[in-house]
Amino acid sequence: MNDRAVIDIIKKIFIFKGYSVTSSGISDMVAENNNEKLFIKYEPSTNINNARYFAADLKRSGGKGILISDNFDDRTQRFAFNEGITVWDRKELESWIGEAVLSGALSGDIEPEPLVEETAASMFGADMFSAFRPHVSGEPVKNEPATLPVKEEYEKTIRLSLASVPLNIGKSDASSIAKEKISNVKSQKLKFIPIWYYRYSFSTQKKYKSKTIDMSGEGEGCIDGLTSEPSGKKYSDILDNTFVPTRNYEIVKPAVEKKDASARALEAIIRDNTREERINEMIGDTIVFQQKVFAPDPQAVTLEMELIHIPVWEIEGDNKILEINAHDGHISEKNRKGRVEPAGKGHIIDSDERVTYKEPRSKITYDDAEFV
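Taken in order, the sequence shown gives residues 1 to 372; the numbers are from this note's numbering.
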């Protein structure tokens, strides 16, 4: 099967999924619906330079990208993830084609070309990607069992439909870091710690006697999904799909419900945006100065919140457990009895006995503010 046949199959899959598919100058096709615009590029063999060019084209064109290839090396795969490009390797593409065949996407609902129909009908009898190998004209095709490819580390990667920040520190890198602090590594697990991530904005006015105070603001922050502690941490690269280089992982369920996290977020927002104003007014011939505290009303704040996850490597040794934030590299340690020693303030720690850095409250508390 040539490249054109593969592209035709991919096109039919997206049409069946309800996308409008047209040609594109930066990819093999662009698929659009009411919610998103996807630039889809198929390269049987790709590398990090190709991924870089594709990422640059996507930034100029304003859309999401899907890069499809027979295989990806670790470097290319990690770069694509960090750029927000979805990658489909051979297993991922086989999965989508299998679903399409079972759903009828490659049958009568959409008139397939003969080559596409033949490919879809026969792919479960042999290695689908064996068709990508070149075939010399006139050479007889032998019914030989499919040869398994050499197993590489990237093939251990699995895809999770999980909102998460990118995993920048892989399994081997985390293990190397741990060996500097733990003499005997006994086990290694990737844990996804829940975080309620929020964005907010407000624009309001506060009145005190004859004075009007304009107040506005916007920002973002997060609430720890296990302890409800607020943080001003910002994330600009949240991914809808997360690839993990291990099957030994755990998605930690949040202990804090969304409504409780929203309440905590509002408290933090009001506290951070509370300010003191010096008010002066004339009383007879005398100018009187007053210090008044103003804060936005909770009802004036527009708040958007979503559950995301922070990847953390938990590496167990003989006497202690090391936790490495796989996104930013922050490290914490805890001994076998459960005591946690954070490596730096604000670090999110995953354990049964969690410790988080508490930021000092402002000297101006919103409890003293005047809500009008």
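For each residue, glycine too, the CB sits at the ideal point set by N, CA and C.
Under 8 Å between C-beta atoms of residue i and residue j
{"i": "T204", "j": "P298", "result": "no"}
{"i": "I40", "j": "I85", "result": "no"}
{"i": "A268", "j": "G221", "result": "yes"}
{"i": "W196", "j": "K234", "result": "no"}
{"i": "V256", "j": "S228", "result": "yes"}
{"i": "L307", "j": "G232", "result": "no"}
{"i": "I66", "j": "L38", "result": "yes"}
{"i": "N50", "j": "E43", "result": "yes"}
{"i": "S210", "j": "T302", "result": "no"}
{"i": "V244", "j": "L160", "result": "yes"}
Nearest-angstrom Cα separation, counted from residue j out to residue i
{"i": "H330", "j": "Q291", "result": "42 Å"}
{"i": "P342", "j": "T22", "result": "Per-residue confidence for P342 stands at a pLDDT of 48, beneath the threshold of 50, marking its modelled position as unreliable; no derived number is given."}
{"i": "H327", "j": "L167", "result": "5 Å"}
{"i": "I13", "j": "E92", "result": "13 Å"}
{"i": "M123", "j": "G62", "result": "Only weak support is given to the placement of M123: the predicted model assigns it a pLDDT of 37, under 50, and the question is left unresolved by the model."}
{"i": "Y19", "j": "K253", "result": "34 Å"}
{"i": "I283", "j": "E304", "result": "45 Å"}
{"i": "D214", "j": "S24", "result": "48 Å"}
{"i": "D318", "j": "R60", "result": "51 Å"}
{"i": "E94", "j": "P194", "result": "31 Å"}
{"i": "S236", "j": "R278", "result": "37 Å"}
{"i": "D73", "j": "N335", "result": "36 Å"}
{"i": "Y208", "j": "Y198", "result": "31 Å"}
{"i": "Q77", "j": "A5", "result": "25 Å"}
{"i": "D272", "j": "A300", "result": "15 Å"}
{"i": "L190", "j": "F54", "result": "30 Å"}
{"i": "I270", "j": "R52", "result": "42 Å"}
Own chain, CB closer than 6 Å to residue i, minus 5 neighbours either side, in chain order
{"i": "I251", "result": "F192"}
{"i": "I223", "result": "W196, P230, A261, R264 and A265"}
{"i": "A56", "result": "none"}
{"i": "W88", "result": "I68"}
{"i": "D3", "result": "none"}
Cβ separation of residue i and residue j, assumed to be a contact under 8 Å, to the nearest whole Å
{"i": "A178", "j": "I315", "result": "4 Å"}
{"i": "I158", "j": "I324", "result": "Between I324 and I158 the Cβ distance is about 20 Å, and since that is not below 8 Å, they are no contact."}
{"i": "R75", "j": "I48", "result": "5 Å"}
{"i": "F294", "j": "N280", "result": "About 15 Å separates the two Cβ atoms, so there is no contact after all."}
{"i": "E36", "j": "K17", "result": "The Cβ separation is near 11 Å, so there is no contact."}
Strand pairing of residue i, partner residues [DSSP]
{"i": "S373", "result": "Residue coverage of the chain in this structure runs from 1 to 372, which leaves residue 373 outside it and unanswerable."}
{"i": "P230", "result": "I223"}
{"i": "L160", "result": "T242"}
{"i": "Q77", "result": "Note: Q77 sits in no beta bridge, so no partner."}
{"i": "N280", "result": "F289"}
{"i": "F202", "result": "G217"}
The ligand GTP heavy atom lying under 7 Å from the CB of residue i
{"i": "G217", "result": "The ligand GTP is absent from the structure shown, which contains no ligand whatsoever."}
7 Å Cβ shell around residue i - same chain, five flanking residues per side excluded
{"i": "L322", "result": "A178, K181, I182, I315, I331 and E333"}
{"i": "L162", "result": "F192, T242, I251 and H309"}
{"i": "D28", "result": "I7, I40, K41 and Y42"}
{"i": "T212", "result": "Q205"}
{"i": "E32", "result": "Y19 and S20"}
{"i": "G219", "result": "Y200"}
{"i": "D285", "result": "none"}
Contact with chain C by residue i, beta-carbon distance below 8 Å
{"i": "D74", "result": "Although the question refers to chain C, the structure presented lacks it and comprises just one protein chain."}
Contacting residues, own chain, Cβ-Cβ under 8 Å from residue i (five flanking each side not counted)
{"i": "L239", "result": "F81, G84, A163, S164, V165 and P166"}
{"i": "Q188", "result": "K171, A174, S175, A178, T246, N248, W313, E314, I315 and E316"}
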